[in-house]
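Asks: In full-length UniProt numbering, the protein residues as written are 1 to 221.
Glycine included, every Cβ here is placed at the ideal spot set by N, Cα and C.
Values in this document were obtained by computation on a predicted structure and should not be read as measured data.
#1: Run the CB neighbour count on residue 56, radius 10 Å, all protein chains shown included, and call it buried at 16 or more, exposed below.
#2: Going by beta carbon distance, what residues of the same chain come within less than 8 Å of residue 8, once the five residues before and after it are set aside?
#3: Given a cut-off of 8 Å, decide if residue 52 and residue 226 are closer than it, judged by their beta-carbon atoms.
#4: Could you check what DSSP says for residue 44 in three-state terms: helix, strand or coil?
#5: For the alpha helix (DSSP H) that residue 58 lies in, which residues bound it at each end?
#6: Is it true that the region 95–102 meets the region 197–217, where meeting means three or more beta-carbon pairs spaced less than 8 Å apart?
#7: Specify, as a first and last residue, the run of the alpha helix (DSSP H) that residue 203 falls within.
#8: Report buried or exposed for residue 189, applying the criterion of at least 16 other Cβ atoms within 10 angstroms of its Cβ.
#9: Report the option in 193, 5 and 20 whose CA atom is closest to the CA atom of residue 114.
#10: Locate the alpha helix (DSSP H) running through residue 210, then write down its first and last residues.
#11: Just reading off the beta strand (DSSP E) that residue 27 is part of, what are its end residues?
#12: Under DSSP, the beta strand (DSSP E) around residue 80 begins and ends at which residues?
#13: I'd like the list of long-range same chain contacts for residue 106, defined as Cβ closer than 7 Å, with 5 residues on each side in sequence excluded.
#14: What separation, rounded to the nearest whole angstrom, lies between the Cα atoms of residue 92 and residue 187?
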């Protein structure tokens, strides 16, 4: 696996590089300390595209959200995993709505390796604290986080347009399962699962499966 690290703290970049290299989890192609440099390095050559890009949220100049948005606009297949100290619900929702493959809080760097492997396997990776934020179960001490407008009634009505089978697929997407695992769980072909997800996205006016997962989580909390 090839990865790249974007963080405004050089020590974080170096520490993650050392850990990922020493454990043979990934080859670090490059590191960057701001969004503009990250975009330049990502698109320098086709060989500069990592399998998974680790990126922070707040950085000088272009922040992580804007950087990820630009990279995904130019390379929709990019796998982006956010790694940050910021657990604000707004940041999480915006990051995942972009089509990121995961959002982790910087608490235990040992979790980064398994998270990268999970993303490579097609899963969506959300830390326990992140899931708590999305499901409205954030700890009381973090109540200052900016809330996301509560559109549960609208979301629930939208989900009610889905068939029972589509709802079951949506539930498994929200659990982070990839198409192969969903197909095995529901005794369907991967092509059928892919088609059902595409149909749901069209019905709900969504652009990617991460948005579908967030919609499901927000209406089943």
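Replies: The relevant details are as follows:
#1: Buried, because 16 or more other Cβ atoms sit within 10 Å of the Cβ of residue 56.
#2: 33, 34, 56, 58, 59 and 60
#3: Here the chain has residues from 1 to 221 only, and residue 226 is not among them.
#4: coil
#5: Careful: residue 58 lies outside any alpha helix (DSSP H) and carries neither H nor E.
#6: Yes: at least three Cβ pairs fall under 8 Å.
#7: 190–204
#8: exposed
#9: It is 20.
#10: Per DSSP, residue 210 belongs to the alpha helix (DSSP H) from 209–218.
#11: Taken as a continuous stretch (DSSP letters only), the beta strand (DSSP E) holding residue 27 covers 27–32.
#12: 80–84
#13: In chain order, 83, 84 and 85 place their CB closer than 7 Å to the CB of residue 106, counting only its own chain and leaving out the 5 sequence neighbours on each side.
#14: 33 Å
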